[in-house]
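Working notes, beginning with the structure itself.
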Amino acid sequence: MKSIFFGSTAVPLKPALIEFINNRSDIPKLEKLDFFIEVMKTDASLKAVEYAGRYFTMDTNLKIKPLAIDYLLNWWSEHRKDYENPAPEPK
57 MKSIFFGSTA
67 VPLKPALIEF
77 INNRSDIPKL
87 EKLDFFIEVM
97 KTDASLKAVE
107 YAGRYFTMDT
117 NLKIKPLAID
127 YLLNWWSEHR
137 KDYENPAPEP
147 K
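First residue of the sequence shown? That's 57 in our numbering, and the numbers climb one at a time after it.
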């Protein structure tokens, strides 16, 4: 998803695009989280990385600073499987 939407986006628009993707209800949570991780890993814009980290921590209920990139990348590598097949919500 990152290369399709984000590759040619002007730097000042990247935070808005990250926010837009986060607010979409038709994009699965796993895809959003993978997108945020990809932005944190590869994007040169500190503001875009901070926004991706902010939404990643909000969506995963982590209580850590959004620019703790190494921690977030390690956490995701250990916990991604928990988001692939989430437990059904109680009724």
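Cβ coordinates follow ideal geometry from the N, Cα and C atoms, glycine included. Just so we're clear, the structure is a prediction, and the values are computed from it rather than from any experiment.
Residue i versus residue j: straight-line alpha-carbon distance, rounded
| i | j | result |
| --- | --- | --- |
| TYR111 | ASN78 | 7 Å |
| LYS70 | LYS97 | 15 Å |
| LEU129 | ILE93 | 7 Å |
| ASP82 | PHE76 | 12 Å |
| ALA104 | LYS137 | 25 Å |
Residue closest to residue i, alpha-carbon to alpha-carbon, out of the options
| i | options | result |
| --- | --- | --- |
| LEU73 | LYS85, ASP90 and ALA108 | ALA108 |
| LEU102 | LYS88, ILE125 and ILE120 | ILE125 |
| GLU106 | LYS121, ASP115, ASN117 and THR116 | LYS121 |
| ASN117 | PRO68, HIS135 and SER81 | HIS135 |
| PRO68 | ARG80, ASP99 and ASP82 | ASP99 |
Expected contact under 8 Å - CB spacing of residue i and residue j to nearest Å
| i | j | result |
| --- | --- | --- |
| LEU89 | TYR139 | 6 Å |
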